[in-house]
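Quick notes on the structure that follows.
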Amino acid sequence: MGMGKRLLACMALLLLLPLHAYAVPAPADVELSDVANDEGNAVAISWDWDGSPTEADQFSVELRVNDQLLKHFELSQQEMQTLTDARNWLSGEVGTLLDQRSSAKAEMDQAQSDLDQSIIDKLPGSEVAGLRRTYWQKYRVFRRLDKQIAALQAKFAARTYKGEDLRLKALTWEFLNEAMRNGGEWISAAAMAPMASVGTKGARTDLFGVNAARRNDAGRLYFTVDSISVPNPGTAASDDSSTGLEQFASIPINLVPDIEYQLRMSTYGAAESNPMDPAAGGGPQLAEQISLGTVTPRGNAFDKSKTNNLVFALLFSMIILAFIILARRNPNMFIRRIAGLEAVDEAIGRATEMGKPVMYLTGLQSLSELSTLAAINILGRVAGKIADYESDLIVPNRDPVVQTVAQEVVKEGYATAGRPDAYREDNIFFLTDDQFSFTAATCGIMMRDKPAAIFLMGYYYAESLLLAETGAATGAIQIAGTDAEHQLPFFIVTCDYTLIGEELYAASAYLSREPMLLGSLKGQDIAKALMMAIILLQAILFIFNGEWKFFKDMVTPL
Amino acid sequence: MIFLKRQLPIIIAFVAGIMMWIRYYIPSEVSTNLEDGYLEWVRIIVGFAAILGILSLLQHHMLKIRMKRPGFAFSYVTIAAFALMMFAGFAPFNFPGFAEKNMETGSLFNWLYEFTFIPMQATMFSVLAFFIASAAFRAFRARSMEATLLLVAAIIMMVGRVPIGDLISNATPTFMMFGNEYHFIDFEEWTGWLLNVPNAAAKRGILLGVYLSQIAISIRIIFGIERTYMGGGD
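If you're matching them up, the sequences are chains A and B in order.
700 is the number that this note's numbering gives to position 549 of the first sequence; each next residue is one higher, with no gaps.
70 is the number that this note's numbering gives to position 59 of the second sequence; each next residue is one higher, with no gaps.
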């Protein structure tokens, strides 16, 4: 089968992916809308709740699918007790401090205002300096109290929130926020804050319930709840109009296509326990139930929020492919000199002269990361040269998959160079997958074997300096290449040559001088120039207060 | 054989690459499941590879001992530690004085992990501070214009990030400019500028190049132009 037919067969396979359309509207009292969601199938459900809670009310949200209760959020009695105890403890500890902090803040503000006024009034320098000293004194007092309160907050959270109970955690923080916002009043006067509601995904307040349905289980809905918190609107003595249920008015949940969802919200009043009848204990009593409506979603065929991404990807791919075709016609393309790669021969030659091995590291990430793949590509090229020079090559690995691939690549490199007999499988070995154990072991090998040349390619974390500095101490010529921008300074300081960011990815093409690979480098440069032009244009527009929304939208999500 | 070794991997890379790319734009359940399935495969392969890794580790150290290569004594330590941890984790009986189950908190396995492995790991990490000092000493020697600039920037950053930087700034006289009051020496302001302007600009430039390169290398791999990672060069 020719290549063209194989490609066609692959494309036909891809078309088998089923495509779906969008969601269905719902009853008038409930607003439904599509929400662009990474996982898709999200529907925003908004409602207007007109309940009138009292101080003792508790709230819960029930989510039902086809009458099957999925989750009923409510604090258990034990959790409520924990929170009450912790709150009482905090009230005793923090009450005085909060008052002190309030007065310290007032004094600090006053001192700052006096200082500002003295500068405006152009008072003598000594007076201004005196006022500045006063301000800093007040500032320090305020900061000290603030830190004490923060420490108590942390203690409170530690007492209250134990384990993985997100409800309690959320409530704890909600309570703390309210307490800090309203000063001592809330803590001393307010009753227990009621729970519950449903949370949102990360910073997106419009996304809720994010886990996609699992494979072969389309009949069930899975979702995660990140946080639950509803301060009691009846007791929150705050001017903040968003306090209360209104702030959770939009709850998008992740839905499985073609399944009807029913959502309803219930409020519970807390009934007193009856001492005469233990069976009729206190606790939440259903007060009101509001049906939120039903919805039957259909899956998205295309995530419109990624249109710009698609446009850019296609454009970029076309530029690169065009340059690859051009490179086949004109193989003598100019690529700027990369000093680190020019030095590869020098490094290997040095190792041969000294009769010492070359060490090659592929970074700390797995093979699914592109930087590791780039490092493996370079290894293939370097291995061929090492075989030519008849040197030894040591490749310690952190990942067994990378090790297996590295063995194969080096073996092939030696075979291509006509020296399959020189290949030693034992020299490409797995050490450990623990970061610092790997570092310690590699540093040990460096100190014992004293390689004449060390290549540090791929992605590195905190161990970069440990490895490179040990290598420098052994006197090896070191060539590093990484796209970990935080580790670049360490490599630049300790290594003889460093491939910065994109040079790591260009190395394989550069070393092979293969026209098609060089063509893709050229295409990449053109795309980069295009991006730079867009950014520059957008910056100029921004400076002159103009805006070209197309560019902004194009660049922002990328 | 050529088909299995050369063409099949390229076809798999092409189909998987294109599928995953398209999947990114289709947020349907099927496409999510497809990705989940792929990730499961990866996990399974990695699971098998772990066995290869262990074998490679043992083989490497055994050979080192047999050939009496430099530092072969450490290989004894490695193999002994490996065997001890395996034994502590998989022993079919309970160790007296430790928790009942061999992998849970309080077990010998856990004890060994917590009181030998973690401290050693922390030691290795803490050595970094001294390495940074030695690397900084080399880097900050004012041998050229660039190195001098680096030295000055480093001093500003270091002083600006410790409390004394604040004290120095506040002790210096102030001046008014465009209605704002400034200190003659203001480390906080300077460190902020260094981080947010030149540093951020350079970092973003590098990252932009990296991302574009990643797209380019992905295209090269998907279309089978870059094949070194499969062994066999071009």
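For every residue, glycine included, the Cβ atom is placed at its ideal position computed from N, Cα and C.
All values reported here derive from a predicted model rather than from experimental measurement.
For A/Asp543, same chain residues with a beta-carbon under 6 Å away, outside a window of 5 residues either side, are Pro508 in chain order. One finds nothing in chain B with a Cβ atom closer than 9 Å to the Cβ of A/Gln263; even the nearest lies about 12 Å away. Within chain B, Gln132, Met135 and Phe136 have C-beta atoms less than 7 Å from the C-beta of A/Phe587, given in sequence order. Nearest neighbour of B/Ser224 by Cα position, chosen from A/Leu668, A/Gly626, A/Phe606 and A/Gln689, turns out to be A/Leu668.
Any Cβ of chain B closer than 8 Å to the Cβ of A/Gly246 would place that residue at the interface, and such an atom is absent. With a cutoff of 8 Å on beta-carbon distance, A/Tyr656 and A/Ile630 are scored as not near each other. Between A/Asp577 and B/Gln70, the C-beta spacing is below 8 Å.
Residue pairing by DSSP places B/Phe109 in no beta bridge whatsoever. Beyond the five residues adjoining it in sequence on each side, A/Arg479 comes within less than 8 Å, by CB distance, of Pro666, Met667 and Gly670 in the same chain, given in chain order. The beta carbons of B/Leu162 and B/Phe151 sit closer together than 8 Å.
In this structure, the alpha-carbon of B/Thr239 lies about 27 Å from that of A/Ala627. B/Val173 counts as exposed, since fewer than 16 other beta carbons sit within 10 angstroms of its beta carbon.
For B/Phe98, the uninterrupted alpha helix (DSSP H) run begins and ends at Phe83 to Phe101, by DSSP. Under the three-state reduction of DSSP output, B/His194 falls in the strand class. Taking a beta-carbon distance threshold of 8 Å, B/Pro209 does not count as an interface residue toward chain A. Here A/Asn548 is buried: its Cβ has 16 or more other Cβ atoms, across all protein chains shown, within 10 Å. Interface criterion not met: the Cβ of B/Ala212 is under 8 Å from no Cβ in chain A. DSSP, reduced to helix, strand and coil, places B/Ala144 within a helical segment of the structure shown. Cα atoms of A/Ile529 and A/Met608: separation of roughly 8 Å, rounded to the nearest angstrom. Between the alpha carbons of B/Glu192 and B/Phe198 lies a gap of roughly 15 Å. A/Asp267 counts as exposed, since fewer than 16 other C-beta atoms from the protein chains shown sit within 10 angstroms of its C-beta.
Per DSSP, A/Met484 lies in no beta strand (DSSP E) segment and is marked neither H nor E. One finds Asp634, Glu636 and Gly652 in chain A with Cβ atoms closer than 9 Å to the Cβ of B/Leu218, taken in chain order.
Around A/Leu296, the same chain offers Leu248, Gln251, Arg252 and Ala255 as residues with beta carbons nearer than 7 Å, after the five sequence neighbours per side are excluded. For the 8 Å CB-CB criterion, B/Leu68 and B/Ala99 do not form a contact. Judged by beta-carbon spacing, A/Phe606 lies within the 8 Å limit of A/Tyr511, meaning their Cβ atoms are closer than that value. For A/Asp577, the chain B residues whose Cβ falls inside 8 Å of its Cβ are Gln70, His71 and Leu74, in order along the chain.
DSSP places A/Gln689 in the uninterrupted alpha helix (DSSP H) bounded by Pro666 to Ile694.
Between B/Ile62 and A/Ala525, the C-beta gap is not smaller than 8 Å, which leaves the two residues out of contact. Interface annotation for the region 31–48 of chain B against chain A: Trp32, Ile33, Arg34, Tyr35, Tyr36, Ile37, Pro38, Ser39, Glu40, Val41, Ser42, Thr43, Asn44, Leu45, Asp47 and Gly48, criterion Cβ-Cβ distance under 8 Å.
The alpha-carbon of A/Ser663 is positioned some 7 Å away from that of A/Arg532. When Cβ pairs closer than 8 Å are counted between the two stretches, the region 610–620 of chain A is seen not to touch the region 565–575 of chain A, the count staying below three. Listed along chain A, the residues sitting closer than 7 Å to B/Ala60 by beta-carbon distance are Pro551, Val552 and Thr555.
In the structure shown, the three-state DSSP call for A/Met510 is strand.
Taking the CA atoms as reference points, B/Ala212 sits about 12 Å from A/Ile686. Residue pairing from DSSP places A/Leu650 in a beta bridge opposite A/Gly632.
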